[in-house]
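Going by our numbering, the letters in the sequence shown line up with residues 3 to 71, in that order.
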Amino acid sequence: MCPECNSANISRSKRWRIRDIFMALLRMKAYRCRDCRFRFYLPARLDKQIRRQRDWLLAVHSGTNTNKT
Numbered sequence: 003m004c005p006e007c008n009s010a011n012i013s014r015s016k017r018w019r020i021r022d023i024f025m026a027l028l029r030m031k032a033y034r035c036r037d038c039r040f041r042f043y044l045p046a047r048l049d050k051q052i053r054r055q056r057d058w059l060l061a062v063h064s065g066t067n068t069n070k071t
């Protein structure tokens, strides 16, 4: 979630600054909010969790259910 606007509409941001390379060494990944364009860093270990949340939100919005029980 975006720390600026609390939107779940975020995506990975490309590395293009020296600071980004340094943060990558610290295992932090750059993200950008698609709604407010705010750029921020999150620990790399959260990457899988963010993808799961995004996939779940897309499934909910499209009306499909990913759980087959």
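C-beta atoms are modelled at their ideal positions from N, C-alpha and C, and glycine is treated no differently.
These figures come from a predicted structure and were not determined experimentally.
- Item | Own chain partners of Met25 with C-beta closer than 6 Å, once the 5 adjacent residues on each side are dropped | Within the sequence shown, numbered from 1, the residue matching residue 25 stands at position 23. For Met25, where only same-chain residues beyond five positions count, the Cβ hits under 6 Å are Tyr43.
- DSSP on Arg34, reduced to helix/strand/coil? Your numbering for residue 34 matches position 32 in the sequence shown. Here Arg34 sits in strand by DSSP.
- Message: Just to confirm the assignment, what range does the beta strand (DSSP E) spanning Arg14 have?
- Response: Within the sequence shown, the letter at position 12 stands for residue 14. Where Arg14 is concerned, the enclosing beta strand (DSSP E) stretches over 12-14.
- Query: Out of Arg39, Trp18, Lys31, which has the shortest C-alpha to C-alpha gap to Cys7?
  - Reply: As a working note, residue 7 is residue 5 in the sequence shown. It is Arg39 whose Cα lies nearest to the Cα of Cys7.
- Rounded to a whole number of angstroms, what is the C-alpha to C-alpha distance between Ile12 and Ile20? Locating residue 12 in the sequence shown gives position 10, where the first residue counts as 1. Locating residue 20 in the sequence shown gives position 18, where the first residue counts as 1. The alpha-carbon atoms of Ile12 and Ile20 are separated by roughly 22 Å.
- Task: Classify Lys31 as buried or exposed, calling it buried when 16 or more other Cβ atoms lie within 10 Å of its own Cβ.
- Result: To locate residue 31, count along the sequence shown from 1; it is residue 29. Answer is buried; the Cβ neighbour count reaches 16.
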